[in-house]
Amino acid sequence: MPKVTTVAPRCLEEATHVVHLKGFGCGRFPEDGRGCCDLWLVEMLAAACGTSGVIAWDGDEFGEDSFTRILDKALSSRSIPAVAFYWRSLKDSFLESWQPRAERYSGGLHLVLLEENKTCGSPRSDASWVQLGIAALRFTRAKQVLSLGGGGVVAEEAAICAKDEQLNQVHWRLILLSRLSIFN
95 MPKVTTVAPR CLEEATHVVH LKGFGCGRFP EDGRGCCDLW LVEMLAAACG TSGVIAWDGD
155 EFGEDSFTRI LDKALSSRSI PAVAFYWRSL KDSFLESWQP RAERYSGGLH LVLLEENKTC
215 GSPRSDASWV QLGIAALRFT RAKQVLSLGG GGVVAEEAAI CAKDEQLNQV HWRLILLSRL
275 SIFN
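Residue numbers (the working numbering): 95 to 278.
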């Protein structure tokens, strides 16, 4: 079961570095063998984390057609600690999505709940996802983002980082993938 908190979990304090994972969400991530090579992406993510890194992501729920498929495969096959950041109001959705999978993760899974800014509208709006991504980067002070594809939200986060004094040292690595059409 994911460990739920509102403060930094110990794995973040003990890690030498944090890799934020981002990418195409549900309905947009290519199937393995159709413009995507899952094993190669899992190996790339594991190499980025090394033996003492942590994977963080913006709490996207699991989906076979999402970058979270790669996250699940990496966490299932390696002992990498993982930290998800999500809005407090969406806690139950996150737990429903990840709890059955988390039992396989030897590195552990932590969920850090954040309070959403009501000025961004719905907690599932693009503006809210951008706010969540930036808040997670500030929280972890990470210097590395690995994006498996990614649309407007990822682009906006990268643009904010480039202009922000605290975040402009974040190194963004974009893996170009063909985005699936919602009309498949």
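Glycine included, each C-beta is placed from N, C-alpha and C at the ideal position.
For valine 247, which residues from the same chain have a beta carbon less than 6 Å from its beta carbon, with the 5 sequence-adjacent residues on both sides left out? Asp220, Trp223 and Val224.
Along the chain, where does the alpha helix (DSSP H) that runs through arginine 163 open and close? It spans 162–171 - the alpha helix (DSSP H) in which arginine 163 sits, taken as one unbroken run.
Which of the three DSSP states is assigned to phenylalanine 179 in this structure? Strand, per DSSP.
Could you name the residues that DSSP lists as bridge partners for glycine 117? Residue pairing by DSSP puts glycine 117 in a beta bridge opposite Leu242.
Aspartate 152 - DSSP class collapsed to helix/strand/coil: Of the three classes helix, strand and coil, the one that applies to aspartate 152 here is coil, per DSSP.
Nearest-angstrom Cβ-Cβ length linking phenylalanine 179 and alanine 229, presumed shorter than 8 Å: Confirmed, about 7 Å.
DSSP three-state call for cysteine 214: helix, strand or coil? Looking at cysteine 214 - three-state DSSP - the assignment turns out to be helix.
Within 10 Å of its beta-carbon, does glycine 227 have 16 or more other beta-carbons around it, so buried, or fewer, so exposed? With 16 or more Cβ atoms within 10 Å of its Cβ, glycine 227 is classed as buried.
Near arginine 195, which residues of its chain fall below 7 Å by C-beta distance, leaving aside the five closest residues on each side in sequence? Phe156 and Asp166.
Contact check, phenylalanine 161 vs glycine 201 under 8 Å by CB: the rounded distance? The C-beta separation of phenylalanine 161 from glycine 201 comes to about 18 Å, leaving the pair out of contact by the 8 Å criterion.
What residues match up with arginine 267 in a beta bridge as DSSP calls it? Answer is Leu240.
Classify threonine 99 as helix, strand or coil using the three-state DSSP reduction. The three-state secondary structure of threonine 99, taken from DSSP, is strand.
Please name the residue in Trp266, Gly245 and Gly244 whose C-alpha comes closest to that of lysine 237. With distances taken between Cα atoms, lysine 237 lies closest to Trp266.
When you compare only the Cα positions, how much space is there between cysteine 214 and leucine 184? Whole-angstrom Cα-Cα distance: 15 Å.
Taking Cβ positions, are leucine 271 and glycine 245 nearer each other than 7 Å? Their beta carbons are not under 7 Å apart, which means leucine 271 does not touch glycine 245 by this criterion.
Take proline 96 as the anchor and find which of Gln260, Asp126, Ser187 and Leu240 has the nearest alpha-carbon. Answer by Cα proximity: Ser187.
Which value, in whole angstroms, describes the spacing of the CA atoms of aspartate 126 and alanine 168? One C-alpha to the other measures close to 14 Å.
Taking the alpha-carbon positions, what's the glutamate 197 to valine 264 distance? Approximately 31 Å between the Cα atoms of the pair.
Secondary structure of asparagine 278, DSSP reduced to three states: Because asparagine 278 sits at a pLDDT of 42, beneath the cut-off of 50, its placement in the model cannot be relied upon, and the point is left open.
Assess contact between the stretch 128–143 and the stretch 252–261, defined as three or more Cβ pairs (one per stretch) separated by less than 8 Å. Is contact present? Counting Cβ pairs under 8 Å, fewer than three are found: no touch.
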